[in-house]
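Written out below as structure tokens is the structure these notes cover.
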Amino acid sequence: MLLIVLVLFLCPLFQCQTEDAEVSQDLENDVIYDMDLNTTARRVSRQVRTSLNKETKPHILELSVQTTIISRYAFTAVSCSLLNRHSAAAQGVFQFYIPTAAYISNFTMIVGGRVFPSQVKAKEKTIKKEGGENNGKPKKDSPEKSEGDMELFRMEVTIPGRNRAMFLLTYEELLQRRLGRYEHVTSIRPMQLVSKLSVGVTIVEHSRITYLEVLPLRNTKTAASNGNGKKGPPVSTVVKQNETFCKIRFTPNIVQQAKIATNGMLGDFVVQYDVEREMGIGDIQVLDGHFVHYFAPKDLPVVPKNVVFVIDTSASMVGTKIRQTKDALFTILRELRPNDHFNFVTFSNRVRVWQPGKLVPVTPNNVRDAKKFIYMISPTGGTDINNAIQTGSTLLRDYLSSKDETHHNSVSLIIFLTDGRPTVGVVQSPTIIGNTKTAVQEKFCLFTIGMGDDVDYRLLERMSLENCGTMRRIPEDADARAMLKGFYDEIGTPLLSDIRVDYSEDAVEYITQHLFTNYFNGSELVVAGKLSNRSSDSLHIQVTASNSERSIVLEKDVSLREQEQETERQLVEADAGPNADGYVERLWGYLSVKDGLKDRLRSQTSSERDNYTQHATNLSLTYNFLTPLTQMIVEKPQVIVDGTLAEAEPTEAPPPHESSNQLSDDDNSLTPQSLYRNAPPKPSSGVVQATSGGHKPNKKSVTLSKTSADGDPHFVVEFPHSKLTVCFNINGEPGHILRLVSDHKDSGVTVNGALIGAPAPVGSHKEQRTYFSTITILANKPSRSYIEVTPQKVILDGRDRMILPSGSSISVETAHLGLVLIANTNLTVTIQGTIKFVILFHHYKNPAPYQRDHLGFYIANSKGLSKDTHGLLGQFLYEDITLTHIPGNFSTAGKNSTTETLEKNVSVSSYPALKLKDRTVTVLKKSRRIYSGKQTVDCWFAKNNAAKLIDGQYSDYVVSHLFDTGDRANETNTH
């Protein structure tokens, strides 16, 4: 038994001996990794292998992180599969770092063959208990839960013996432009080597991509690495790019992972890019009644700045912190511009001002003296945050109110840095926040920086947010010098101030933040809104601002129809996938929630706070975002004595900390993000059954009709009333997407299929073969949902969003949609209780050159589809057809004629034809094999790409993309 376990454990290593057999052999002989997700992997000698094999920690079989970025808005889907190889139940842990600015929009678990969806609901008001509202649970600020701009999502569940668990998580974020680049970060820290690891980033932009770089793997505590000791992208990275589209894949095998980090802590996979910008009003995108406006002007003169640095010099700053802070300040001093003015304030128990009562210009002597002042700083004492802010604000406020004209047309700001909480003087956060706002008087902006683990980040965030600034956190043991310098670079070059963006009042509503205090070089201002007048042809845009020389006014009338058509065209060309549908609206929802939370923090009265709270909560629920105002409910898997799962009841978890996306990992309650995008379902409809072994859905329960499109593809249509079966071929082109069923206006159902190509077999009369590689089923009534099927996976997105491998057996039941997946065999989809489609999976273990993994589509039950249904198959569902014979001569008689003969070139009385509507179609008698070759049917075959049999012609059934629900093909034949 021990040998079997070792072989099972080491098999991924044998499979990955492709690049470095020597390293793989070392791993096999000398190293066995403890799969405890709560500790780093450790090296163990051979003598203790027996005790290690008693470990019951599940192993990560597969980790996939796939991101699609559409015009800066990123959708990320994480899929993690764990295997418990042991007979006893074991605790499985799924944890993943997500960006702090992101909102989780989807979470579900498949444990022991059962799917556990989650539900989003508004957070209920709770009374704080003595000892803290989190009852000892880590907050967002906690070091073990946060890494700089990343935040830990953690879920722990019990996995039955010899079973699997799959965790599906998605989140969304708007990428921020900093220093002239957008940056997308994927954290890869599974804490063990993974048999199958895949990271993908797809970028679809409206403008030309001018800069693209995949950085070496980045870790906040160690130097960046790419796994081969050289600069450049990590090993195994593949980049494909054109002007506006880019696809990046990172798929290191287990040996390549071990070269980077043997404990699975690979680091951050970082992609940076930027796009081309035209001078003027900026980039406008319109889609589905919403718009987004990106404004990032360039080549403007730099506005002078007045800056006061307020630096914590308390005893806790001693050592590395103060040394790195000094290094950063030395660098910043060298980069101050001649027209800038500056000063320094340091604080601990007492506050010290470098140049009392004034700001000094940037001269060589002043810079030299400032460096001496910084060099002499010595940490000691406590932390008087309130007095420090008051002193710095008074210094800058008095300078701005002086008669000196040099500060006009300039930007003023305070940069405040601390590593701790207030311990001296005023220590109550509400008082400090109020005092700060009073001292600033809306005359300048306050930017705050927190260093390390013992910082009240909520206090710093409130201080900066209420005074037109931002907050940045620097993790413990991070390179503080580089991060401080980077933050200063972001705000060190102001180009515009007092920016206002206005739109036609009668054309838009619910616009997001459109007043901005400053615009800094390398950043970007983003405004989104809803179009209130859909019939309006144009949108008037006006941008007003000030720079160092004058006031600026930019105006433009934008054609809404042209902009929407251009947006749709580019999405189709890039094949952006399902995330493209409604991405502008979701971006608007994302920004609106952010704005609502900021307004809530800035509110002065309880009624204002309640209004902003309700508004932000409603938006969070609409888009299923996990925000400080929402909480999640999920069923908790319970394993009974025999090792199987007990029936679970929905359990409501206590809400997470208000500033956190972190989910509770309490033993009695789980609070993951809901996978529901629209109205949350009732708990009773959330339980869905699945199996990855054991009890599988009964294959015999699947009933198929003959009406189908399968194979090359061969189409078969059954006419029950006429007791006839008709067949035809469609010789499509690879890449074409065919409309199979179209009833969008009535039942709301549409089915499309995408073709892929393959060489024809030797000796075939065809030039190529085509197969269905993807089939989408869209149901828009009573609410929108879709199913996207490929030979490898099934994506269900409606009330649920799940990404399920085709190799699993799962059944899902919701109010209007049912799904039964038989592993690698078929998928049955039931819509509104009656409409039923079946998709067959065709996989080849050793495919010939002309074979491709593909799908077959069958209409099992058409009840519920209207009589106006169309499409290559749908148009025949309610039609009658008759078989007739047309008089004429055949050069060769055979089984298709009504008289039999043994000779050639003789006259025959008639030949067969079908009458459909007002058309007559000549046919031949043929046989077709359907249901994966398990059944043969006799059918009447219509030649020439089904000419005259189908309405219109082949091109009428080619649609623009897989999610196209547009007008159906012509219903009458024009030939």
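In this text, residue positions in the sequence shown follow this note's numbering: the first is 16, and each later residue adds one. All C-beta atoms, glycine included, are put in the ideal place defined by N, C-alpha and C.
Close beta carbons around residue i, own chain, < 6 Å, minus the five adjacent residues each side
i	result
K711	Residue confidence is low: K711 scores 40 on pLDDT, short of 50, so the model does not pin down where it sits. Its coordinate-derived value is still stated next. Around K711: S824.
N424	S563
Q370	N358
N402	V366, G440
S393	none
F362	D399, A403
H976	V587
H356	N321, L374, P376
I84	I218
N988	Any answer about N988 is weak, because its pLDDT of 37 lies below 50 and its placement is not dependable; what the coordinates show is given next. Closer than 6 Å at Cβ, skipping near neighbours: R934, D966.
N796	The amino acid at residue 796 is misidentified as Asn; the sequence shows Lys. G763.
E803	T791, I810
G465	Y472, L475, R488
M486	T463, L475, E476, S479
V214	V80, T201, F265, F284
Cβ shell of residue i (< 8 Å), same chain only, five flanking positions each side left out
i	result
S547	D521, A522, V523, E524
T409	A454
Y112	E162, M165, E166, L167, F168, S202, R204
V974	I752, L753, R754, N767, G981
G304	K545, L546, R549, E600
K878	T849, I850
Candidates the options: closest to residue i by CA position
i	options	result
T340	Y503, R352, R473, N639	Y503
K545	L554, S538, Y472, V290	L554
K571	V516, T843, T266, N841	V516
K211	G279, K262, H199, L227	G279
A311	L474, D355, V756, G537	G537
R754	L770, E539, V741	L770
D979	F131, Y627, V756, H529	V756
I337	E491, K796, A957, I556	E491
R436	Y414, N450, V426, G467	G467
L993	F535, L575, T559	Past the boundaries of the shown model lies residue 993; the chain is included only from 16 to 990, so the question cannot be answered.
R100	I84, S79, V126, G176	G176
N633	Q207, M124, T438, V135	V135
G611	T642, Q287, V599, A589	T642
R292	E577, G889, R223, D727	R223
S416	Q456, A343, F431, N381	Q456
R383	Q847, Q807, E577, L351	L351
S11	S566, V470, L432	Limits of the chain in this structure are 16 at one end and 990 at the other, which puts residue 11 out of reach.
V368	G295, L939, N380, F324	F324
P902	V649, T335, A104, T937	T937
Rounded distance between the beta-carbons of residue j and residue i, thought under 8 Å
i	j	result
F640	S120	6 Å
P509	V318	4 Å
V285	L230	4 Å
F856	G768	At roughly 14 Å, the Cβ-Cβ gap does not stay under 8 Å, so F856 and G768 are not in contact.
G407	N364	The pair is not a contact, with the Cβ atoms about 17 Å apart (cut-off 8 Å).
L411	N533	The Cβ separation is near 15 Å, so there is no contact.
L474	I447	7 Å
G130	E171	According to the sequence provided, residue 130 is Val. The question's Gly does not apply to it. So it is not a contact: roughly 18 Å between Cβ atoms.
T765	L811	Actually they are not in contact, since the Cβ atoms of T765 and L811 sit about 16 Å apart, beyond 8 Å.
H885	Q585	Rounded, the Cβ-Cβ distance is 28 Å, inconsistent with contact.
Beta-carbon contacts of residue i that lie in its chain and below 7 Å, excluding the five residues immediately before and after
i	result
E782	A775
V333	P394
F743	F730, F956, A957, A961, L964
Would you check if there are 3 or more beta carbon pairs closer than 8 Å linking the region 452-462 to the region 481-488? Contact holds: three or more Cβ-Cβ distances are below 8 Å.
Any contact between the region 329-347 and the region 601-617? By contact I mean 3 or more CB pairs, one from each, below 8 Å. no
Count the CB pairs spanning the region 887-895 and the region 731-750 that are closer than 8 Å, and state whether there are at least three. Here the region 887-895 lies against the region 731-750, with 3 or more beta-carbon pairs under 8 Å apart.
Note down, one range per segment and in chain order, each beta strand (DSSP E) of at least 3 residues found wholly within the region 193-273. 196-203, 211-219, 224-229, 232-234, 237-240, 252-256, 260-265
Inside the region 438-483 only - beta strand (DSSP E) runs reaching at least 3 residues: 460-466
Hey, which unbroken runs of the beta strand (DSSP E) at 3 residues or more fall wholly within the region 356-424? 356-362, 366-368
Can you list the beta strand (DSSP E) stretches of 3 or more residues lying completely in the region 536-585, in chain order? With a minimum length of 3 residues, the continuous beta strand (DSSP E) runs that stay inside the region 536-585 are 540-546, 553-561, 566-574.
Return the chain-ordered ranges of every alpha helix (DSSP H) run that is complete within the region 489-544 and spans a minimum of 4 residues. 495-506
Within the region 614-653, note down every full alpha helix (DSSP H) run reaching 4 residues or more, in order along the chain. 621-637
Restricting to runs no shorter than 3 residues, where is the beta strand (DSSP E) found entirely within the region 816-850? 816-820, 824-828, 832-837, 841-846
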